[in-house]
Each structure stands twice: as structure tokens, then as C-alpha cells.
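J.: Per our numbering, the very first residue in the sequence shown carries number 253; after that it's consecutive. Glycine included, each C-beta is placed from N, C-alpha and C at the ideal position.
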Amino acid sequence: MRGWTKSLDAAGVRDPGLRADYDRQRRLVRRYRRTAYVAARLLLPGQLLAHVVAMTAVMHHGDNLLDTGPLPQREAAWTDWEQRVREALKTGTSDTPLLRALVHTVSVRPRLRETVETYLETATAELHFAGFATEADYQAYLDAYSFPAFMLVADLLGPEDDDRRYRAACRTFLDGSQRLDFVNDLAEDLREGHVGIPVATLERFSLDAADLAAGHSGGLDALVADQVATARASLLAAWELPTLVPAPGRRLVRALVEIELLTADAVQARGAGVLRGSVSPPPARALRVLVRRN
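1) Does the region 289-302 come close enough to the region 314-334 that 3 or more CB-CB pairs lie under 8 Å?
2) Could you give the distance in angstroms between the alpha-carbon of Arg443 and the alpha-carbon of Asp261?
3) Taking C-alpha atoms, which residue in Arg419, Thr453, His356, Arg416 lies nearest to Phe434?
4) Could you round the C-beta distance between Leu394 and Leu426 to whole angstroms and report it? I think they count as a contact, below 8 Å.
5) Would Ala483 and Ala439 qualify as a contact pair, given that the criterion is a beta-carbon distance under 8 Å?
6) Would you call the CB atoms of Val476 and Ala461 closer than 8 Å?
7) So what's Leu511 in DSSP terms, helix, strand or just coil?
8) Report yes if the C-beta distance between Val368 and Leu351 is below 8 Å; otherwise report no.
9) State yes or no: is the C-beta of Glu412 nearer than 7 Å to some heavy atom of the ligand FAD?
10) In chain order, what residues of the same chain have a beta carbon less than 8 Å from the beta carbon of Ala309, not counting five sequence neighbours either side?
11) Measuring CB to CB, does Ala322 end up less than 8 Å from Tyr390?
12) Do Leu493 and Ala421 have their C-beta atoms closer together than 8 Å?
So, in C-alpha cells, the structure goes:
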């Protein structure tokens, strides 16, 4: 806690009530994204940590609203949340701890206002996600939802000025990371009635969602190898991303790229076993990445 307290000081979070708001987000992020939280604690300087935690909490809360429950419930919940976010940004205050933290972080990094606005305008693409017919549909989804959500945090770590090269590298990294997630989360997505691998891609390997849901895995090893190879190519192409990040966030971004590549190795090794559940990199190897970058 002492390190977190110093981080709040360094981030300019002085008001006791506001410190409590940020601490609430810290506890939430630590619980549902523990590996990312540990990496941020180890590798980010204090002036960035609290703000990254707050924006990660915003992204996670939005994901939950967009993904949980029947469509009418999700639509109503998102509409209410969007209105509350816009009102908080307009007035500079809120009765919600998460939004009070968001407002303060945006006041420290004003460019984030535009990032949040873009995210709010495009996030409803997730409400109607039911899978993709083609690779082009997948790429459109990245642009409409995944990338704006990712930039909620990435714009905190990136250069102050608009940098198209940085944003392009973020998009390349996200392509690899999201594609890898869709392969790794295949079992969970099947239970929810949709998959993130395009139908046209499944057909190339003589597969469809119904076959996979029934446990028929013929051709799945080859499909996993294909998708991991494509994801790995994007991750390796994004290897320049840390060099485009100002020094305070560089160690964390480099570690995240390395850990995604370790995840690619783990998914590749699991092959058709992804039908039994997702896999993470070996903890010892992931820890070595964090220690090496610390």
C-alpha cells in the first residue's frame, strides 16, 4: 500500500475522497486483471500508475455492460452509462467513484477526452457482436470497438502529440492480441453462442461453429496453428511499439508485447485443446519478463 500511496501523490491525487475513489478502482483491477495489474505496479512510474488503473477500470466496466445479459438489458445499461459518462465529463463531477476518477484523469491528460468520446460513439458495435462472416468483418470490428477501447489506456502511455505512427503500431499490436484472444477463448465463446474466428476462416479448415460446439475437433489443430501464426506476425510487426512510447511507459509496453508472444507459444502448444479451455503463459516465464524489465 505504501507504494500505491506514493503513486497517488505522484499522480497529483491529493483529495482524500478522490484517493479513495482511485483505490477502489485499484482493488477492482487487481482482482480481475491481476497479471496486468502486477506488471503495471512493477513497471510504471507513480505518475502514470493511478491513471492507467482508472482507465483500465473504465474499459472493464464498459465490457461488462456490453457483454452481460440479454440484448435489451445490455442496450439499456449502456445507454444509461454513456449518458452518465458524458454528463460527468461535461460537469466535472459525478456521484460514481469510477467516473470521479475518470474525470480527474481526463483533467490531467486532456487528450483523453477525445479518446473517451470516440470510445462512447463506437462501443455499441460490441452490443450486436455475433461473430464474423469474413476477415474483413473482423477487421471492421477491431476498428469499431477493440481499437477505441484499447486506446483508453494506450493514449495514456503514448506521446502527448498526435502520432499516427504510434497509433498504427497500437492497431497492429491489437490485431495480434485480439486474434490470439479469439482463438484462446474459443471454448468460452462457443458456450456463449458465437466465436471470434470468421466463418470463412473456419470453412478453410472444414469446420463450423456447430461442429466445434459438438466437440468435433478434426482440423482444429491446423486452424489454431494458422491463427496463432497470423497473430504472431502482427505481434512481431508491432515490436517497434515500445520504441514509440515515451520513457515512463516503455518498460510496461515492451513487457506486454513479450507476454503476448509467450501466450502465442502457449496457445500453439495447446492446439485443439483450446476446446477444453484457454491457456496462459507459464507463470515463471511471464515473471521473468517482468523482472527483466523492472
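T.: So, from the data block:
1) With the cut-off at 8 Å, the region 314-334 and the region 289-302 do not touch.
2) Translated into the one-based positions of the sequence shown, residue 443 becomes position 191. Translated into the one-based positions of the sequence shown, residue 261 becomes position 9. One Cα belongs to Arg443, the other to Asp261, and the distance between them is close to 44 Å.
3) Indexing the sequence shown from 1 puts residue 434 at position 182. When C-alpha distances from Phe434 are compared across Arg419, Thr453, His356, Arg416, the shortest belongs to Thr453.
4) By one-based count along the sequence shown, residue 394 stands at place 142. By one-based count along the sequence shown, residue 426 stands at place 174. Distance from Leu394 to Leu426 at the Cβ level is roughly 6 Å; contact confirmed, criterion being Cβ atoms closer than 8 Å.
5) Numbered from 1 along the sequence shown, position 231 holds the residue referred to as residue 483. Numbered from 1 along the sequence shown, position 187 holds the residue referred to as residue 439. It is not a contact, given that the beta carbons lie outside the stated cut-off.
6) Here residue 476 corresponds to residue number 224 of the sequence shown, with the count starting at 1. Here residue 461 corresponds to residue number 209 of the sequence shown, with the count starting at 1. Ala461 sits away from Val476, with the two beta carbons spaced by 8 Å or more.
7) Counting from one through the sequence shown, the residue named residue 511 turns up at place 259. Inspection of the sequence shows that residue 511 is occupied by Ile rather than by Leu. Ile511 falls in the helix class under three-state DSSP.
8) Taking the sequence shown and counting its residues from 1, the one referred to as residue 368 is at position 116. Taking the sequence shown and counting its residues from 1, the one referred to as residue 351 is at position 99. No, these two residues do not count as a Cβ contact at 8 Å.
9) In the structure shown, the ligand FAD is absent, as is every other ligand, since no ligand is present at all.
10) Within the sequence shown, residue 309 is the residue found at index 57, counting from 1. Within its own chain, the residues whose Cβ lies closer than 8 Å to the Cβ of Ala309, once the five positions on either side in sequence are excluded, are Gln277, Leu280, Val281, Leu350, Ala353, listed in chain order.
11) Against the sequence shown, residue 322 aligns to sequence position 70. Against the sequence shown, residue 390 aligns to sequence position 138. According to the sequence shown, residue 322 is Pro rather than Ala. No, the pair does not count as a contact, with Cβ atoms beyond the cut-off.
12) Taking the sequence shown and counting its residues from 1, one reaches residue 493 at position 241. Taking the sequence shown and counting its residues from 1, one reaches residue 421 at position 169. For the pair Leu493 and Ala421, the CB atoms are nearer than the 8 Å cut-off.
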